[in-house]
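Have a look at the structure below before the remarks.
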Amino acid sequence: MENLRYELSTTTPAGGTRAVALVGVVASGNLEVLLERGEAPDRCVIDIATPAHGFADLWQAVTADFAARSAAGGLRITVNDGGARPDTVALRLAQGVRLMEKPE
Amino acid sequence: MRDWNMKGRDRQARLEAGRRLASGKVVAAQDLVAFLEAVLRPGDRVCLEGDNQKQADVLAKALAKVDPAKVHDLHMVQSGVVLPEHLDIFETGIARRLDFSYSGPQSARIARMMFGGRIELGAVHTYLELFARYFIDLTPQVALIAAVSADRAGNLYTGPNTEDTPTVVEATSFGKGLVIAQVGEIVDQVPRVDIPADQVHFVVNAQRPFYVEPLFTRDPAAITETQILTAMLAIKGLYAPYGVRRLNHGIGFNTAAIELLLPTYGERLGLKGKVCTHWALNPHPTLIPAIESGWVEQIHCFGSEVGMEDYMRARPDIFFTGPDGSLRSNRAFCQTAGLYACDMFIGSTLQIDLAGNSSTITGSRVAGFGGAPNMGSDARGRRHPSAPWLRAGQEADPTGAPALRRGRKLVIQIGETFGDGNAPMFVERLSALDLADKLDLDLAPVMVYGDDVTHIVTEEGVANLLLCRDKDEREQAIRGVAGYTEVGRARDRKMVERLRERKVIQRPEDLGIDPLDADRSLLVARSIKDLMIASGGLYRPPSRFRNW
Amino acid sequence: MTSPTPLPRSWYEESARGRLAHLLDAGSFTEFLGPERRELSPHLALFNLPRQFDDGIIVGAGALAGKPVLVAAQEGRFMGGAIGEVHGAKLTGLLHAARQLKRDVVILFDTGGVRLQEANAGELAISEIIRATLDARAEGVRMVGLLGGRAGCYGGGSLIAGCCSALVISEQGRLSVSGPEVIETNKGVEEFDSRDRALVWRTMGGKHRYLIGGVDLFVGDDVAAFRAGAVAALERPALLDPAALASEQGRLERRLARFGDATDGTEVWARLGLPHPAALPDLDTSAFLTLANTQRESADAAR
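The listed protein sequences correspond, in order, to chains A, B and C. Counted from 1, the first sequence has number 4 at position 4 by full-length UniProt numbering; the numbering is strictly sequential. Counted from 1, the second sequence has number 446 at position 446 by full-length UniProt numbering; the numbering is strictly sequential. Counted from 1, the third sequence has number 229 at position 229 by full-length UniProt numbering; the numbering is strictly sequential.
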C-alpha cells in the first residue's frame with residue numbers, strides 16, 4: 001500500500017454542520033472518502049491509502065484542484081482507494097463536500 | 001455496330017448457368033457451392049450482404065468453400081467485414097480487392113491481412129458513401145443477400161432487419177447484375193413484399209434465420225456514475241439550451257445513460273416534448289422507458305435489434321412498420337435522414353486530438369467507419385432552417401449576415417477522460433496516423449473531423465468549440481475538459497479560466513449540477529430486466545443479456 | 001436541487017448504508033463502531049489490499065415500524081461482502097447484545113462467505129456467529145435475514161442465514177452454500193456453467209428458493225418492499241425447540257425424496273405442478289406470488 005498525505009490551502013470553508021460523512025465503497029475502480037472536521041478553516045488535509053503505487057503526481061493534481069474548486073476548508077479527509085480513476089476520485093471528493101453541507 | 005447490351009447478355013449467361021443447378025429460382029442448399037462456382041467469374045465485383053447487424057451468413061460460408069481455381073480475384077464491395085469467412089476468402093485467393101465500411105470484430109485480422117498484402121484495399125467508406133458508389137463506380141455484378149422468407153416467385157420479405165438489402169438490390173439488379181438471396185424459409189405468401197420478385201434471380205432456402213448481432217443493446221447495469229454525470233452535463237448543457245428535437249445517438253454507454261435519464265432528470269428539467277422527439281436511431285432497448293413515458297414521437301431505424309421486434313410491432317405510432325405490422329428498417333434512408341434531417345449527432349469515441357479530430361482506431365486495428373461520420377458531419381447541402389441549427393451557426397459566426405449564414409449541425413463527442421483500461425481519450429497524436437503510416441494509406445482513418453465537431457462533453461465539463469475564435473482557443477477548450485489525462489494536465493490554466501468565463505467551457509458547478517445526483521438511482525432502468533418490465537414484457541432480450 | 005426520483009429504490013443497487021437508511025424508521029439508526037472509529041482489518045495490508053473503515057459491515061440499533069431492533073448490513077461490493085476477523089467480530093458482538101437485551105435482529109446479507117485472506121479468523125468468526133445466533137434464538141430473539149444484494153449469500157453466510165428464524169428474499173437474491181464458480185471449479189462446466197446467469201438464478205435465485213420452501217417471504221427488488229417484508233417476518237413464530245427441528249428434518253427428507261433427482265430448477269417447478277415453468281423467471285412479483293403461493297413447498301420456522 002502507498003500512503004500519501006496532502007496539506008492544502010483552501011479558499012472556501014466547508015458548509016453545513018454534519019460532523020462526519022462517508023461516500024463510496026472500496027471496490028475495484030472505486031474508493032471510499034471519509035470527511036471529518038477539525039482543521040483550520042483555510043486548510044484541508046487529505047490522507048490517501050492506495051494499492052496502486054506510483055500515481056502520486058495524479059493524486060497531487062486531483063487534490064490540488066479539489067482544494068481550489070471546492071468548499072473544503074477545515075476538512076480532514078481520509079481516502080481508502082480501490083484503484084479508482086482520477087475522474088472517479090474527483091467525483092467522490094465533490095460528493096463528500098456536498099454531503100457535509102446536507103443536514104443529517 | 002456497337003453492342004449496347006453487353007451487361008444484359010452477361011447476366012443472361014449467368015442466369016442460364018445458374019438455372020442448370022436450380023429448380024426455377026430455388027437453389028437447394030447442398031448445391032450452393034457448385035451453384036456459386038457456376039454463376040461467379042474471376043474478377044467479379046461481388047456484394048456479400050452484411051453490416052454491423054445482419055449477415056448473409058449461409059452465402060458467406062458457401063462462398064468460402066468455392067474452388068479458388070474456378071473463382072478467384074473477386075472484388076468484394078460490402079458494408080461489413082464481420083464474419084471470419086469474409087476474410088477467409090482473401091486467405092485462399094477467392095477474393096483479392098476490398099472496398100468496405102465496417103469491420104468491428106475483424107478489425108485486428110483485417111489490419112494484419114492488409115499489412116501482409118493478402119488484401120488489396122480500395123477504400124474504407126462510410127455506409128452512405130459505399131452505397132453511393134454502388135450506383136457510380138462499384139456496381140456489383142453479383143449480390144449475395146439475406147431475407148427472412150421468399151415466396152415461390154422470389155418476392156422477398158426482409159422483415160425488421162431490412163437494412164441494406166433494398167439498396168444493394170437496386171444497384172445490382174438495375175445495374176444488370178445477378179441477385180441471389182438466402183432465406184430462412186420458402187412460403188406460399190410472404191408477409192409483405194420488401195423486394196419484388198423481378199429483382200431477385202435466385203433463392204436459397206437456408207432453413208434457418210440469417211445471423212443478427214445485437215450490437216445496440218447496452219445493459220444499464222454497466223452504466224457508471226461518471227457516465228451519469230457526463231449524461232447530465234449533455235442534457236442540461238446541450239439538449240436543453242439548443243432545444244434539440246431531431247437527433248441521432250451513437251451506441252456507447254454515455255448515450256445509453258442519456259436515454260435512461262430523460263424520464264428522470266430530463267423530466268425534472270421540464271424538457272419533455274421540447275427535446276428528443278424525433279430520431280434517426282436503431283431500436284435501442286434503453287430508449288424504451290422514454291418512449292413509454294411519452295417523450296418520443298417518431299423513430300426511423302437503420303436496422304432492427306434482437307428482441308425488440310414485438311415491442312415495435314406494438315408501437316406503430318412510433319416506428320415505421322409495414323402492413324404486416326413489423327418494422328421496416330432501411331440503412332440508406334436512415335443514414336440520409338441522420339445526415340440531413342437531424343440537428344444533432346452525439347456519440348462516443350476512443351481518441352480525440354488537440355484539433356478535435358476523433359478516431360476509434362487504437363493499436364493495429366482497422367475498424368472502419370460504419371455510419372458515424374454520416375451522422376457526425378455537417379451537411380453542407382442542407383437548406384432548411386431549424387432553431388438548433390441556426391443557433392449553432394450564429395455561435396460560429398456571430399457577425400455574419402443572418403440571411404446568408406449557414407446553420408451548423410451539432411456534432412458532439414462524449415466520453416470519459418479515461419476509457420477502458422485507463423486509456424486516455426485525449427491524445428496529442430491519433431493512433432490512426434501511425435496506422436496510416438504502417439499501411440501506407442493516403443488518408444488516416446478519422447471518424448469525425450475536427451472541423452465538424454461542435455462540442456466535446458466529458459465528466460469535467462462541456463466545451464463549445466463553436467465559440468472558439470482561433471486554433472489556440474480551440475486547443476485550450478479541448479484541454480480544458482480533458483481531465484487528468486496528459487493533455488488535460490498540460491492546459492494553460494489562465495486561458496482555460498477565461499474560456500470558462502465566456503462559457504466556452506462549462507463545468508458541472510457552472511450548470512448547477514449536483515455531484516450527488518450522479519448516482520445510479522437516477523437511471524430510469526438499472527437492468528435489462530427493468531427494460532423488459534418497462535416494455536410490458538414485449539421486449540425479449542437475447543439470452544446472453546438475461547440473468548433471470 | 002434534490003433528486004425526487006419516481007422510481008422504486010432498488011435493494012440490489014443500493015449500498016449497505018443506503019439500504020439501512022431507508023429500511024429503518026427515519027432517523028432511528030445509531031451505528032456502533034462507525035467508520036470514524038477506523039476498526040480496520042489487521043490482515044489486508046499484508047496482501048497490499050485496500051481496507052474499508054467499517055470492514056464491510058455496518059452494525060447498530062434502530063427501529064422498524066416503531067419496534068426497536070438491532071441491525072447488521074453487509075456491503076457486497078467490498079471484497080464481495082466477505083467475512084473477515086473484524087467483520088465477524090462486529091456481527092458476533094451484535095448477537096451477544098441481542099441475547100442480553102432480548103432484542104430482535106435484522107441482518108442484511110450480502111456476502112460470498114469467508115474472506116480468503118483471513119481464512120482462519122473468518123472460519124472461526126462463522127462458528128462464533130452461529131453459536132451466538134443459537135444462544136440468542138434460545139432466548140426467544142427473532143432473527144430475520146434479508147437476501148437481495150449484489151454478492152448473494154454464499155458459503156458461511158448461507159449457514160448463518162440458515163440459522164435465522166425467517167428469511168425474506170427478492171428475485172435478485174441468491175442463497176446457496178457453494179457459489180456458481182465453486183461448483184464449476186469442482187464439478188466441471190458440464191455440471192454447472194457459472195457464466196450461464198439464467199441457470200444460476202433458477203438454481204439458487206430468489207424465486208427458486210421461495211418455491212422450494214427455503215425462504216419465508218418473497219418481495220420485489222425495492223427497499224420499501226424489503227421493509228414491509230422485514231416487518232412481517234418479525235411477526236412470525238420464532239420458537240426453536242426439538243419439535244420444530246424434527247418437523248424441519250421431516251420436511252427436508254420429503255423435499256429430497258420429491259426433487260432429489262431433478263436436474264434443473266424448471267423440473268422442480270414442473271413437479272410442484274406449476275404451469276409453464278419455463279416462463280416463471282419472466283413473471284413480475286405479483287404474478288409470480290399469485291402462482292407460487294398456490295403450489296410452493298412451505299418453509300419451516302426452524303430451518
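By construction, the Cβ of each residue, glycine as well, lies at the ideal position given by its N, Cα and C atoms.
Reference residue i, options the options, closest by Cα
i	options	result
B:T321	B:A490, B:A240 and B:V193	B:V193
B:R208	B:A221, B:V148 and B:T172	B:V148
B:E267	B:A221, B:S293 and B:L538	B:S293
A:A64	A:R18, A:L34 and A:A90	A:A90
A:R5	A:T17, A:A49, A:G83 and A:G24	A:A49
B:I361	B:W295, B:R391, B:N422 and B:M447	B:M447
B:G252	B:C276, B:P220 and B:L262	B:P220
B:D310	B:A38, B:P541 and B:D10	B:P541
C:L64	C:F29, C:H96 and C:D55	C:F29
B:L511	B:M232, B:I318 and B:G356	B:M232
C:R77	A:M1, A:L75, A:A21 and A:N30	A:N30
A:V23	C:L280, C:G179, C:D264 and C:Q52	C:Q52
A:R18	A:V25, A:E32 and A:L75	A:L75
B:G381	B:E163, B:G450, B:A341 and B:A222	B:A341
B:V453	B:R493, B:L410, B:I513 and B:E473	B:L410
Where residue i sits in the DSSP three-state scheme
i	result
C:T203	helix
B:D452	coil
C:D221	coil
B:H300	strand
B:P508	coil
C:G156	helix
A:N3	strand
C:G93	helix
A:G15	coil
C:I169	strand
B:K272	strand
B:I318	coil
B:C47	strand
B:H278	strand
B:L178	strand
B:E259	helix
C:L272	coil
Residues near residue i in its chain [Cβ-Cβ closer than 8 Å; skip 5 each side]
i	result
B:A29	V58, V204, N205, A206 and Q207
B:R502	L467
B:L425	This sequence places Met at residue 425 of chain B; Leu is not what is there. If we look at B:M425 and ignore the five residues flanking it on each side, its Cβ neighbours are T349, L350, Q351, I352, G415, E416, T417, F418, G419, T458, A482 and T485.
C:A278	T266
Sequence-distant residues of the same chain with beta carbon closer than 7 Å to residue i, five excluded per side
i	result
B:W72	Note on identity: in this sequence residue 72 of chain B is His, with Trp being the wrong assignment. Once the five neighbours on either side are set aside, the close Cβ partners of B:H72 are P42, G93 and I94.
C:M1	With a pLDDT of 38 at C:M1, under the threshold of 50, the modelled position of this residue cannot be trusted, and the question is left open.
C:F109	Q74, G145, L146, L147, G149, C153, G157 and A161
B:N357	L430, V446, Y449 and G450
Cβ-Cβ separation, residue j to residue i (assumed contact under 8 Å), whole Å
i	j	result
A:G73	A:D47	At roughly 17 Å, the Cβ-Cβ gap does not stay under 8 Å, so A:G73 and A:D47 are not in contact.
C:L146	C:F226	5 Å
B:R195	B:T167	The residue you asked about is not Arg; residue 195 of chain B is Ile in the sequence shown. So it is not a contact: roughly 11 Å between Cβ atoms.
residue 580 of chain B	B:G461	No information on residue 580 of chain B is available, as it lies outside the stretch 1 to 548 that chain B covers here.
Chain F residues whose Cβ lies nearer than 8 Å to that of residue i
i	result
B:R489	The question asks about chain F, but that chain is absent: this structure's protein chains are A, B and C.
Close-in-space but distant-in-sequence residues of the same chain around residue i (CB under 6 Å, 5 per side omitted)
i	result
A:L8	C44 and A67
C:R296	L211
C:V86	E39, S41 and D55
B:I185	The sequence shown places Glu at residue 185 of chain B, not Ile. Excluding sequence neighbours, B:E185 sits near S149.
C:V105	L70, A98 and M143
A:K102	none
* Quick one: complete beta strand (DSSP E) runs, 3+ long, within the segment 141–176 of chain B? -> 142–150
* Counting only runs of 3+ residues fully inside the segment 55–141 of chain B, write out the beta strand (DSSP E) ranges in chain order. => 74–80, 95–102 and 120–124
* To do: Pick out the complete alpha helix (DSSP H) segments inside the segment 192–252 of chain B, 4 residues or longer, and give them in chain order.
  => 225–234
* Would you list, in sequence order, the uninterrupted alpha helix (DSSP H) runs of no fewer than 4 residues that lie entirely inside the segment 393–447 of chain B? => 431–439
* Asked: In the segment 63–118 of chain C, which residue ranges form an unbroken alpha helix (DSSP H) of at least 4 residues, counting only runs that do not cross its ends?
  -> 85–101
* Entirely enclosed alpha helix (DSSP H) segments - the segment 477–526 of chain B, minimum 4 residues -> Contiguous alpha helix (DSSP H) elements confined to the segment 477–526 of chain B occur at 486–489 and 493–501, taking only those with 4 or more residues.
* **beta strand (DSSP E) segments (min. 3 residues) lying fully within the segment 334–404 of chain B** => 344–348
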